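**Q** These protein sequences, in sequence, are chains R and Z. Residues 1 to 515 in this note's numbering are what the first sequence spells out, letter by letter. Residues 1001 to 1454 in this note's numbering are what the second sequence spells out, letter by letter. A virtual CB, placed ideally from N, CA and C, is assigned to each residue, including glycine. Since this is a predicted model, take the numbers as computed values, not measurements. I have a structure I would like to understand better, so I am pasting it below and will then ask my questions one at a time.
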Amino acid sequence: MQLPVNMHKALLAGTSRVPFEPATGVAPALQAVAGHSLWQALAAQDLWQRAGLLPAAGVEAPQPAPADGAASPRAAEDILLLLMRGLHAELLPTWLALAHAQGVCVPHACLVPLLEQGMGKPALREKLLPVLGERGRWLVAQNPDWNAKYVAGTDDAAAVELAWNTGAPAQRAAALRAMRAADPAAALASLQSGWAQEAAELRAALLPCLEAGLSLADEAFLEAALDDKRKEVRGIARELLAILPGSQLSARCAARLAALFTLQPKGEGQLPVLEVALPEACDKPMKRDGVGAENPYHMGEKQAWLFNMMQCVPPDYWAQRWAVPPAGVLQVMQANDFGRVLQEGLVHAIGLSARAGAASAADWLVAIHASKVPNARVLSASIADKAMALPPAAREHVLHAWLECGKAKGVPDALMLARQMASDGSVQVSPATSRLMLGRLQQMMRERDAPSYSMKLEFETMAALLDVGEMEYLEQGWPEPAWAHWDNWRQLVDELKEALRFKHTLHRSFTDNKE
Amino acid sequence: MSLTAEQILALAPDAASAKAGTGQASLSKWSGLGGHAQALWGLCQGSGKEPYRAQIDLAGPAFKCNCPSRKFPCKHGIGLYLLYARDSAAFKETDAPQWVSDWLQSREQRSEKKAAKEAEAATPEAIAAREASQQKRQEKRQGNVETGLAVLEAWLEDLARDGLATLRSKPSRDWEAMAARLVDTQAPGLASRVRRLGLSIYGGGGDGWELAAARELSQLALLRQAYARLASLPEGLQHEVRSAIGWATSQEDVLAQPGVNDRWLVLGARTQEDGRVGSCATFLRGESSGRWATLLQFSAGSQALPPAPPLGAIYQGTVHYYPAALPMRVLFADDMKLVGATPDAQPAPAPAELAAELARYAQALAANPFLESWPMALEQVTPVHDAGKAAPWSLRAVNGEALAVDAAFRQGWQLHALAGGHPLRVFGLWQGYSFLPLSAWCGGRSFNLDGGNG
């Protein structure tokens, strides 16, 4: 609404200060009806304008979105609506992953709420990006807030280039990762060309991106980064070099350790005995290689040096050098006075080799529990974290093996690993592992009268991980209905079954085409 | 015929009930499922020993369950209906068990009883007695309202003298006091407008609140003047003025009006929260009469709104219009029945001509100058975004004309996502200077856009 000047002034300042003049205060056409009251004149003016309003003309048509590929089946869309209403909301990533696998995209009506949800959740964004479809990408491109967060993947080289050159730190890191995936050498060259000018924070943010596609071609650059001014950057470079198979850093640390270790064979069928001398001093080249850089377990100073060096030597090195299998290596180290220090270092090295994608990493992780290492549990509590770095198939192999180890040893770590796998949201384990895991759960149940808090977590983990292809095993193995404590557990068990049944429906909704 | 899952969930009184209802929609929880053309029923195992008996009268839809929940419809009713929508084969087509047929019968009897009561009340003596007592009450009320309106007029004059620029620095209790005064003088319609206006001026930080407030104040002044010469106004307009001030028309009087029988399509709904009173206005359009009808439902306090007719559904039956210059508000007669969940496929309608739509609005305004909003179904319009404007969205017709979308509309991106830059049908309310979308129609489905609009 627009008002004549006098009316507008009178309205804001008050008629006591700016008297309202009917002669000039209303449109000429309204002079006859407006009267002397400001309010009446205003009402007349308002009605007159509303009645005569014309639509804006000559508005440009917007650029329409390109046509989308296959839409998700109606049943799957209904399930998605339920998920967004909060029913089994934890299955949203599963839905998105299934949609991606089936090559369908998010229904148009669900795009905006999901894009909004993803604004604060990077993990959800990652899952959402591949299933946005043409409509979603068209929408994101028009909204600056979304456009900043939903960074394009590798498929759009120009967008990656732009993000790399002008983006915020997080966007540049994402772009560098995409560039590494496409062409590691070119990505390294891009990083190197501006490296000296990058701020220290950015160096620390960008360097970890080299882990994708890491090869010996990166070694010279990483060796140079060992001399970086920033401690954080030096640490990242050291870690990457330790991951890199065949790196000089590993070779240097191995040589230093070899000078301290003496192995005495004990004859056929018996494990050799290891004698260890502590390092005398930590010189400059050692410091450069990270010796003395960190002491996470409050060891003695020299023990920590040992630990730091052990970290950087791939575990396979010991197996080859001593010609004993992984379990043997663990036992040999265990028998030493500094056994705990050596094993801690070795576990860290196993974690790094898992990140490097070494095929033997899974064997090492299995060996930690399968071998007769008596205090495997006192080893660093994060063995499950290390296993998370493995590719999915190997991870499940480790999970299965740990579950088979028996409850005192492998099962607690297996459950921890399972919980982490579950938090990923869309992982599901094989039917065989599912049976084994459910069996362990049922066994734990029988040993207790009532569920503890952690048991509730285990039930949630099961709901996330168990296979839902063939559902019969879910009904088997539970305690008899006559069991005295059944009432304490009934709700948890019913919820688990209900959650898995819902997930079963979710999976089928993509493949059963009723409509 | 069954409603879609979305429509059923929209019947739930709140989000928690919808969620709980979804949890109940699982075959393992139910036994004795059955149904026929008129009703559905089933037994749901709850925490008690005896299963709950849930039943649905499909024509309403109306729900009944013997669980102790105070939510209505309860989760069992919602769950039962959802289960039917998903898996109707699980419901055996049989005769209703005793407890279901009893309920259905009692529902019929109730409406018969109501009719009998009405017939009884329509005897000449009863009418005369009622009218006499009504007359007396009315006279008293008129006196009260006149007092209240005189105070309102003085108050408005004070506002005009002081100007709106200083309005925000004055305490909000002035508004509360004026509203309370109007309630005391039996003008609740005006009272709630004053209260709402008082809240709105302190709320929004944007420009232009003065003009919006001035418009509303001028409308109050106009009503006051119209009431002063009520007798000289046309009869329809008298009703408009009286209902704006707060006179309620009794349901019997409305039902006594001649009815309009048609197939009614539910085009959209607007829910609003006003202090402790929630309201839901559902907009329907008659298929053959082409008339608009608005069904108003209210809730007070913590009570939830009664289930509204679901979006996209089709009802068959009679409505009775409230007497008005521009009859819009209706009551459903007892013969109103849900007959379809989605509109039938129609031949592509002609694209909207926005100038013609606005001309129709001008005519409506001429009939009722107190008109606040006017329903419009815009065919083949495209949402257009312009980040530079205070109201960034507009709807563009095929001929390049466009209407501004209300700045308070929160679902612009949602509408844009549905349209994808292509034309679609949008239903909403024209509010004088801007359009408030309430639903959209594309790909053979209706999408609700009401909600989150302050």
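#1: Taking CB distances under 7 Å as the criterion, tell me whether Met7(R) reaches chain Z.
#2: Cβ of Ala109(R) less than 7 Å from any chain B Cβ?
#3: Apart from the five residues just before and just after Thr1342(Z), which ones in its own chain have a Cβ nearer than 6 Å to its Cβ?
#4: Taking the beta carbon of Gly150(R) as the centre, do at least 16 other beta carbons fall within 10 Å, making it buried, or is it exposed?
#5: Taking the C-alpha atoms as reference points, what is the distance between Met388(R) and Arg395(R)?
#6: If the cut is a Cβ gap below 9 Å, which residues of chain R does Asp1406(Z) touch?
#7: Step through the CB atoms of chain R and report whether any lies within less than 7 Å of the CB of Glu1216(Z).
#8: Going by the beta-carbon positions, is the gap between Cys253(R) and Met309(R) smaller than 7 Å?
#9: Unbroken beta strand (DSSP E) runs of length 3 or more, entirely within the segment 1313-1388 of chain Z: which are they?
#10: Under a CB-based cut-off of 7 Å, is Asp78(R) close to chain Z?
#11: For Glu1153(Z) and Ala1228(Z), what's the separation of their Cα atoms in angstroms?
#12: Per DSSP, which residues does Gln1297(Z) bridge with? Please list them.
#13: Just to make sure I have the definition right: I need the residues of chain Z whose C-beta is within less than 7 Å of the C-beta of Asp46(R). Which are they?
#14: DSSP beta-bridge partners for Cys105(R)?
#15: Count the C-beta pairs between the segment 228-238 of chain R and the segment 283-294 of chain R that are closer than 8 Å, then say yes if the count reaches three, no if not.
#16: Throw me the rounded Cβ distance for the Asp1102(Z) and Leu1027(Z) pair, which I believe falls under 8 Å.
#17: Find out if the Cβ-Cβ distance for the pair Lys302(R), Pro285(R) is shorter than 7 Å.
#18: Can you have a look at Phe1298(Z) and say buried or exposed, based on whether 16 or more other CB atoms are within 10 angstroms of its CB?
#19: On the DSSP bridge assignment, give the partners of Thr262(R) in chain order.
#20: Mind listing the chain R neighbours of Val1384(Z)? Cutoff is C-beta to C-beta under 7 Å, in chain order.
#21: At the 7 Å Cβ level, is Gly14(R) part of the contact set with chain Z, yes or no?
#22: Would DSSP call Asn1261(Z) helix, strand or coil?
#23: Give the straight-line distance between the Cα atoms of Thr1022(Z) and Met471(R), rounded to the nearest whole angstrom.
#24: Name the chain R residues that come within less than 8 Å of Thr1022(Z), Cβ to Cβ?
#25: Chain Z beta carbons: is any one of them nearer than 7 Å to that of Val131(R)?
#26: Once the 5 residues before and after Arg203(R) are set aside, which same chain residues still bring their CB inside 6 Å of it?
#27: On the criterion of 16 or more Cβ atoms from any shown chain inside 10 Å, does Ile236(R) qualify as buried, or is it exposed?
#28: I want to verify the contact list: residues of chain R whose CB lies under 7 Å from the CB of Arg1285(Z), in sequence order.
#29: Hey, Ile368(R) and Leu330(R) are a contact pair by Cβ (cut 8 Å); roughly how many whole angstroms apart?
#30: Would you list, in sequence order, the uninterrupted alpha helix (DSSP H) runs of no fewer than 4 residues that lie entirely inside the segment 324-348 of chain R?
#31: Identify the continuous beta strand (DSSP E) that holds Val1426(Z) and give its terminal residues.
#32: Compute the distance between the beta-carbons of Leu1149(Z) and Arg1224(Z), then report whether it is under 7 Å.
#33: With 7 Å as the threshold, decide whether the Cβ of His1457(Z) is near any Cβ in chain R.
#34: Closer than 7 Å by C-beta to His507(R): which residues in its own chain qualify, once you throw out the five before and the five after it? Chain order, please.
#35: Are the beta-carbon atoms belonging to Ala1404(Z) and Ser1394(Z) less than 7 Å from one another?
#36: Taking only the alpha-carbon atoms, compute the straight-line gap between Gly25(R) and Ala13(R) and give it to the nearest angstrom.
**A** So, from the listed chains and residues:
#1: Within the first sequence, the letter at position 7 stands for residue 7(R). Not one chain Z Cβ lies under 7 Å of Met7(R).
#2: Within the model displayed, chain B is absent; protein chains R and Z are what it includes.
#3: Along the second sequence, read from residue 1 onward, the residue named residue 1342(Z) stands at position 342. Result list for Thr1342(Z): Gly1312, in chain order.
#4: Here residue 150(R) is taken as the residue at index 150 of the first sequence, counted from 1. The sequence shown places Tyr at residue 150(R), rather than the Gly named in the question. Burial call: buried.
#5: Walking along the first sequence from the start, residue 388(R) turns up at place 388. Walking along the first sequence from the start, residue 395(R) turns up at place 395. Each residue's Cα considered, the two are about 7 Å apart.
#6: For the purposes of this step, residue 1406(Z) is taken as the residue at position 406 of the second sequence. None at all; the shortest Cβ gap to chain R is about 14 Å.
#7: Within the second sequence, numbered from 1, the residue matching residue 1216(Z) stands at position 216. With 7 Å as the cut-off, Glu1216(Z) does not count as an interface residue toward chain R.
#8: Within the first sequence, numbered from 1, the residue matching residue 253(R) stands at position 253. Within the first sequence, numbered from 1, the residue matching residue 309(R) stands at position 309. Against a cut-off of 7 Å, the Cβ pair of Met309(R) and Cys253(R) comes out as a contact.
#9: As far as the segment 1313-1388 of chain Z is concerned, its whole beta strand (DSSP E) runs of at least 3 residues are 1314-1321, 1330-1332, 1337-1340 and 1374-1385.
#10: Counted from its first residue, the first sequence places residue 78(R) at position 78. Closer than 7 Å: yes.
#11: Start at 1 with the first residue of the second sequence, and residue 1153(Z) comes out as number 153. Start at 1 with the first residue of the second sequence, and residue 1228(Z) comes out as number 228. About 11 Å.
#12: Locating residue 1297(Z) in the second sequence gives position 297, counting from the first residue. Per DSSP, Cys1280(Z).
#13: Here the question's residue 46(R) lines up with position 46 in the first sequence. Within chain Z, the residues near Asp46(R) are Arg1215 and Ser1218.
#14: In the first sequence, the residue the question calls residue 105(R) occupies position 105. Partner(s): Ala71(R).
#15: Yes: the two stretches touch, three or more of their Cβ pairs being nearer than 8 Å.
#16: Position 102 of the second sequence, counting from 1, holds the residue named residue 1102(Z). Position 27 of the second sequence, counting from 1, holds the residue named residue 1027(Z). Here Asp1102(Z) is actually not in contact with Leu1027(Z); their C-beta atoms are around 26 Å apart, not less than 8 Å.
#17: The sequence position of residue 302(R) within the first sequence is 302, counting from 1. The sequence position of residue 285(R) within the first sequence is 285, counting from 1. No, they are not a contact pair.
#18: Numbered from its first residue, the second sequence carries residue 1298(Z) at position 298. Classification of Phe1298(Z): exposed, given that the 10 Å Cβ count is below 16.
#19: In the first sequence, the residue the question calls residue 262(R) occupies position 262. Answer by DSSP bridge pairing, in chain order: Glu275(R).
#20: Residue mapping note: residue 1384(Z) aligns to position 384 of the second sequence, counting from 1. By Cβ distance, chain R contributes Val59 and Pro62.
#21: Locating residue 14(R) in the first sequence gives position 14, where the first residue counts as 1. Yes, because at least one Cβ of chain Z sits closer than 7 Å to the Cβ of Gly14(R).
#22: Stepping through the second sequence from its first residue, residue 1261(Z) is reached at position 261. Note: Asn1261(Z) maps to strand in three-state DSSP.
#23: Along the second sequence, read from residue 1 onward, the residue named residue 1022(Z) stands at position 22. Along the first sequence, read from residue 1 onward, the residue named residue 471(R) stands at position 471. The alpha-carbon atoms of Thr1022(Z) and Met471(R) are separated by roughly 21 Å.
#24: Along the second sequence, one-based indexing puts residue 1022(Z) at 22. The answer, in chain order, is Leu82, Arg85 and Leu87.
#25: Here residue 131(R) corresponds to residue number 131 of the first sequence, with the count starting at 1. For Val131(R), the answer is no, since every Cβ of chain Z falls outside 7 Å of its Cβ.
#26: Residue numbering aside, residue 203(R) sits at position 203 when the first sequence is read from its first letter. Cβ within range, chain order: Val233.
#27: Residue mapping note: residue 236(R) aligns to position 236 of the first sequence, counting from 1. Under this definition Ile236(R) is a buried residue.
#28: For the purposes of this step, residue 1285(Z) is taken as the residue at position 285 of the second sequence. Those do not exist, as Arg1285(Z) stays about 22 Å from chain R at its closest Cβ, beyond 7 Å.
#29: Position 368 of the first sequence, counting from 1, holds the residue named residue 368(R). Position 330 of the first sequence, counting from 1, holds the residue named residue 330(R). Sure, about 7 Å apart at Cβ, within 8 Å.
#30: 326-335
#31: Position 426 of the second sequence holds residue 1426(Z). Residues Leu1424 to Trp1430.
#32: For the purposes of this step, residue 1149(Z) is taken as residue 149 along the second sequence, with counting starting at 1. For the purposes of this step, residue 1224(Z) is taken as residue 224 along the second sequence, with counting starting at 1. It is a contact, given that the beta carbons lie within the stated cut-off.
#33: This structure cannot settle anything about residue 1457(Z), because the visible part of chain Z is limited to 1001 through 1454.
#34: If you number the first sequence from 1, residue 507(R) lands on position 507. Counting only Cβ-Cβ distances below 7 Å, and skipping sequence neighbours, we find Leu98 and Val468.
#35: Taking the second sequence and counting its residues from 1, one reaches residue 1404(Z) at position 404. Taking the second sequence and counting its residues from 1, one reaches residue 1394(Z) at position 394. It is a contact, given that the beta carbons lie within the stated cut-off.
#36: Taking the first residue of the first sequence as position 1, residue 25(R) is located at position 25. Taking the first residue of the first sequence as position 1, residue 13(R) is located at position 13. Answer to the nearest angstrom: the Cα atoms are 14 Å apart.
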